[in-house]
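One structure below.
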Amino acid sequence: GIRLTACYAAAPVCSSSRAGLMTGRNPSRVGVYDWIPSGHVVHLPRTEITVATLLQRAGYDTAHCGKWHLNGRFNKPDQPQPNDHGFRYWFSTQNNAAPSHENPTNFVRNGKPVGPLKGYSCQLVADEAIHWLKSVRDDSRPFFLFVCFHEPHEPVASPPELVARYRDVARNEDEAQYFANVTNMDAAVGRIIEALDELKLADSTIVWFTSDNGPETLNRYRGARRSYGSPGPLRGMKLWLYEGGIRVPGIIRWPGHAPANAQTGVPVCGLDVLPTFCELAGVQPPRDRVLDGVSMADLFRKSALRRTRPIFWHYYAALGKPKAAMRYGPWTLLAHRVAPDLKPGRNVDRRSMQVIKQARLGEFELYNLLDDLGQKNDLAAAHPERVRELAEQLVRWHREIQREGPDWYADSPASER
Numbered sequence: 002g003i004r005l006t007a008c009y010a011a012a013p014v015c016s017s018s019r020a021g022l023m024t025g026r027n028p029s030r031v032g033v034y035d036w037i038p039s040g041h042v043v044h045l046p047r048t049e050i051t052v053a054t055l056l057q058r059a060g061y062d063t064a065h066c067g068k069w070h071l072n073g074r075f076n077k078p079d080q081p082q083p084n085d086h087g088f089r090y091w092f093s094t095q096n097n098a099a100p101s102h103e104n105p106t107n108f109v110r111n112g113k114p115v116g117p118l119k120g121y122s123c124q125l126v127a128d129e130a131i132h133w134l135k136s137v138r139d140d141s142r143p144f145f146l147f148v149c150f151h152e153p154h155e156p157v158a159s160p161p162e163l164v165a166r167y168r169d170v171a172r173n174e175d176e177a178q179y180f181a182n183v184t185n186m187d188a189a190v191g192r193i194i195e196a197l198d199e200l201k202l203a204d205s206t207i208v209w210f211t212s213d214n215g216p217e218t219l220n221r222y223r224g225a226r227r228s229y230g231s232p233g234p235l236r237g238m239k240l241w242l243y244e245g246g247i248r249v250p251g252i253i254r255w256p257g258h259a260p261a262n263a264q265t266g267v268p269v270c271g272l273d274v275l276p277t278f279c280e281l282a283g284v285q286p287p288r289d290r291v292l293d294g295v296s297m298a299d300l301f302r303k304s305a306l307r308r309t310r311p312i313f314w315h316y317y318a319a320l321g322k323p324k325a326a327m328r329y330g331p332w333t334l335l336a337h338r339v340a341p342d343l344k345p346g347r348n349v350d351r352r353s354m355q356v357i358k359q360a361r362l363g364e365f366e367l368y369n370l371l372d373d374l375g376q377k378n379d380l381a382a383a384h385p386e387r388v389r390e391l392a393e394q395l396v397r398w399h400r401e402i403q404r405e406g407p408d409w410y411a412d413s414p415a416s417e418r
């Protein structure tokens, strides 16, 4: 397959990133400004059109297995559920597997709670995905299967036999648990790939593996004692707009179309999934709204792959000073929030909405990622013209999403969105 060495999430945080992947639109444009706690008013609005909806309308059978995290009132009629966003079949959780990856109790299948399950979340999700492929899917139609593993998000729990593999190399038992967690997920991915091969679907199936944000590391919040992710040479981590928060794994497998053992450094983003799949499936993407992603279908053609549009990010609650960013060619520009002098509340509340709607950007940082992947050398002072050129685009885009993004505390009922 093709390894995407400059693959990006749509945001440095889970719910927002998933909203971007599903819609091809920046998550702040669709109102998923942050991760969504259980019971919260925020959700992916009914008016948004997802890649699943588009493919379902075009005759595809569709299924979601795993973490949903695109609403607060999961499996409740007052907010849209996976079936309202294009999935005929779903086996899902609102957020993380609970009480942990081991023996979860919070899965819902097509609107009905499943109850306690025995096993580990990623293997249970793989079991369901394989069952759907073999026994539920309408094999007279093409299909779209969205598999969202909970691993390696906290609370981490891993099979003892896998943990034992890492005790000699891990610094402690918690790190061994984390390594085993990733290994368990890797095995689950492999089982799904093997099922596609067994069903002779591999040559007609695009598999796109990626993540919703950069790695979690230790000590960010209480109970995160097994978060041993590492950004390697990248600056930042999950929740940051530096590369460590948004650059993620990216691998595409499509035998006969995606060359084996290939790689590209052209920037590709989760926002590109919808327009890419639409082009490859011969489906018209929405024309009545702005799409922030672009089709990367040239990945599978002999023509040179180019990105003609910048990638933009906005996360009002990002750790560190930058709250917006863009990538264009080798350059990345990050912008601080300079006004108003307000601190956002926890998650998306009224105070946070005030910050989101009123914020102004300034104090820019500029990095050349070809020479400085770790973003250690801010070139803003040395390249004022480049900063001015990029900042004009970033500020204009930021104002656009401020106008378009819904205010969850406005007068219209949230259930109507």
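In terms of my numbering, the sequence shown is residues 2 to 418. Note that beta-carbon positions come from the ideal geometry of N, C-alpha and C, so glycine has one too.
Local conformation of Tyr368 per DSSP, three classes: Tyr368 sits in a strand when the DSSP states are folded into three classes.
Using a 10 Å radius around the Cβ and a threshold of 16 neighbouring Cβ atoms, would you call Leu45 buried or exposed? Buried: at least 16 other Cβ atoms inside 10 Å.
Through-space distance from Asp408 to Lys344, alpha-carbon basis: 17 Å
The stretch 280-291 in contact with the stretch 36-43 per 3-pair CB rule at 8 Å: no
How about Val42 and Gly73: do their beta carbons lie closer than 8 Å? Going by C-beta atoms, Val42 is nearer than 8 Å to Gly73.
Of the residues Leu5, Arg4, Gly25 and Gly2, the one placed nearest Phe313, counting alpha carbons only: Gly25
Give me the Cα-Cα distance between Gly230 and Thr218, rounded to the nearest whole angstrom. Near 5 Å, if we compare the C-alpha coordinates of Thr218 and Gly230.
Bridge-paired residues (DSSP) for Asn72: His44
Entirely within the stretch 150-232 and at least 4 residues each: give me those alpha helix (DSSP H) ranges in chain order. Taking only runs of at least 4 residues, the alpha helix (DSSP H) segments lying wholly in the stretch 150-232 are 161-166 and 174-199.
What do you get for Glu49, buried or exposed, if any count of 16 or more other CB atoms within 10 angstroms of its CB means buried? buried
Mind reading off the beta-carbon distance from Pro323 to Glu366? Whole number of angstroms is fine, and I expect it under 8 Å. The pair is a contact, with the Cβ atoms about 7 Å apart (cut-off 8 Å).
On the three-state DSSP scale, how would you describe His337? strand
From Val269, Tyr317 and Ser159, residue whose alpha carbon lies closest to that of Leu242: Tyr317
If the criterion is Cβ atoms closer than 8 Å, does the pair Tyr179 and Pro153 meet it? yes
Could you please give the first and the last residue of the uninterrupted alpha helix (DSSP H) stretch that includes Pro331? Taken as a continuous stretch (DSSP letters only), Pro331 belongs to no alpha helix (DSSP H), as it is neither H nor E.
CB-CB length for Ala203 against Val126, believed under 8 Å: In this structure Ala203 is not in contact with Val126, their Cβ atoms being roughly 20 Å apart against a cut-off of 8 Å.
For Ala12, tell me which candidate among Ala326, Arg308 and Gln359 has the shortest Cα-Cα distance. The shortest C-alpha separation from Ala12 is found at Ala326.
Contacts around Cys123, its chain only, beta-carbon distance under 6 Å, and the 5 residues preceding and following it disregarded: Phe150, Glu152, Asn185, Met186 and Ala189
Do Asp213 and Cys66 have their C-beta atoms within less than 8 Å of each other? no
Could you tell me if Leu235 is buried or exposed, where buried requires 16 or more neighbouring beta carbons within 10 angstroms of its beta carbon? Within 10 angstroms of the beta-carbon of Leu235 lie 16 or more other beta-carbons, which makes it buried.
Can you tell me whether Gln95 is buried or exposed? The criterion is at least 16 other CB atoms within 10 Å of its CB, across all chains shown. buried
State the DSSP-derived secondary structure class of Val148, mapped to helix, strand or coil. strand
Going along the chain, which residues of its own chain have a beta-carbon closer than 7 Å to the beta-carbon of Ser29, five neighbours each way excluded? His315, Ile402 and Gly406
Span separating the alpha-carbon of Thr277 from that of Asp299: 9 Å
Which residues DSSP lists as bridging Cys8, in chain order: Val269
Work out the CA separation of Gly215 and Tyr9 for me, nearest whole Å. Roughly 9 Å separates the two Cα atoms.
Glu103, DSSP secondary structure in three states: Looking at Glu103 - three-state DSSP - the assignment turns out to be strand.
Could you name the residues of the same chain whose beta carbon sits closer than 7 Å to that of Gly40, not counting the 5 residues immediately before and after it, in chain order? Taken in chain order, the residues that qualify are Gly73 and Arg74.
So, at 7 Å on beta carbons, what are the nonlocal neighbours of Arg254 in its own chain, with the 5 sequence-adjacent residues on each side left out? Gly2 and Val208
Taking only runs that begin and end inside the stretch 88-135, name each unbroken alpha helix (DSSP H) of 4 or more residues, in chain order. Runs found: 122-132.
Alpha carbons only, please: which of Arg361, Arg226 and Gly321 is nearest the one belonging to Gly478? As shown, the chain starts at 2 and ends at 418. That puts residue 478 outside it, with no answer to give.
Give the straight-line distance between the Cα atoms of Pro311 and Arg4, rounded to the nearest whole angstrom. 21 Å
Can you list, in chain order, the residues of its chain whose CB lies under 7 Å from that of Gln264, leaving out five sequence neighbours each side? Ile3, Arg4 and Thr6
By alpha-carbon positions, which one of Arg172, Leu292, Gly257 and Gly191 ends up nearest to Gly271? Leu292
Count the other CB atoms, across all protein chains shown, that sit within 10 Å of the CB of Arg89; report buried if there are 16 or more and exposed otherwise. buried
Just to confirm the assignment, what range does the alpha helix (DSSP H) spanning Gly21 have? Cys15 to Thr24
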